[in-house]
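S.K.: Shown below is the structure under consideration.
Numbering (the working numbering), first residue to last: 16 to 159.
Here it is, written out as structure tokens:
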């Protein structure tokens with residue numbers, strides 16, 4: 016958890032349900048103090064994260080500066096549609112798919128993402144693979 020992840024934008028939203036955070040970092044202590052109603056899990060193994068994701072309705076990615084976020088694909092692969100800002104990074108991953116909702120207003124993205132289906136998020140995440148990424152990169156090298 017770091018300032019550049021923009022987590023306060025999500026944690027400050029008035030949304031239905033609980034807010035859960037997985038991970039740790041330099042801003043964790045401040046966030047825990049400022050948002051006492053949020054459940055903070057700390058660092059978890061991949062298996063533990065998968066189990067936590069099974070209890071969630073959707074995944075929120077509030078960063079405005081991250082590039083291609085593998086965590087977005089991991090969430091979708093676990094059946095969690097993603098709510099994110101419509102900025103480079105999330106836009107590169109989610110695009111105009113049923114894997115998530117991009118919006119300039121994060122609260123609006125959170126409201127809209129509840130209408131998406133888990134199976135559509137999983138289906139979309141399966142379109143990504145190291146093999147496909149390698150082929151795309153190789154085709155780029157051939158062009159240039």
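For each residue, glycine too, the CB sits at the ideal point set by N, CA and C.
According to the neighbour-count rule (16 or more other Cβ atoms, all chains shown, within 10 Å of its Cβ), is residue 44 buried or exposed?
M.R.: Position 29 of the chain shown, counted from the start, is the residue given in the question as residue 44. Answer is exposed; the Cβ neighbour count stays below 16.
S.K.: Enumerated in chain order, which unbroken segments of the beta strand (DSSP E) with a length of 3 residues or greater are wholly contained in the region 22-109?
M.R.: DSSP runs (the beta strand (DSSP E)) wholly in the region 22-109: 74-76 and 97-100.
S.K.: What separation, rounded to the nearest whole angstrom, lies between the Cα atoms of residue 88 and residue 27?
M.R.: For the purposes of this step, residue 88 is taken as the residue at position 73 of the chain shown. For the purposes of this step, residue 27 is taken as the residue at position 12 of the chain shown. About 24 Å.
S.K.: By Cβ distance, which residues of its chain are closer than 8 Å to residue 95, with the 5 residues on each side in sequence left out?
M.R.: In the chain shown, the residue the question calls residue 95 occupies position 80. The residues are 68, 71, 72, 73, 74, 133 and 136.
S.K.: Between residue 92 and the rest of its own chain, which residues show a CB-CB distance below 7 Å, the 5 nearest in sequence each way excluded?
M.R.: Numbered from its first residue, the chain shown carries residue 92 at position 77. Excluding positions up to five away in sequence, the list reads 137 and 140.
S.K.: Use the C-beta contact count for residue 156: other C-beta atoms within 10 angstroms, 16 or more gives buried, fewer gives exposed.
M.R.: Counting from 1 along the chain shown, the entry for residue 156 is found at position 141. So residue 156 counts as exposed.
S.K.: Closer than 7 Å: is that where the CB of residue 125 sits relative to any heavy atom of the ligand GTP?
M.R.: Only the bare structure without any ligand can be found here, which leaves the ligand GTP out of the picture.
S.K.: Taking the C-alpha atoms as reference points, what is the distance between residue 107 and residue 84?
M.R.: Working through the chain shown from its first residue, we reach residue 107 at position 92. Working through the chain shown from its first residue, we reach residue 84 at position 69. Straight-line Cα distance between these residues: approximately 9 Å.
S.K.: Considering only the alpha carbon of each residue, which of 90, 112, 113 and 80 lies closest to residue 100?
M.R.: As a working mapping, residue 100 is identified with position 85 in the chain shown. The shortest Cα separation from residue 100 among 90, 112, 113 and 80 belongs to 80.
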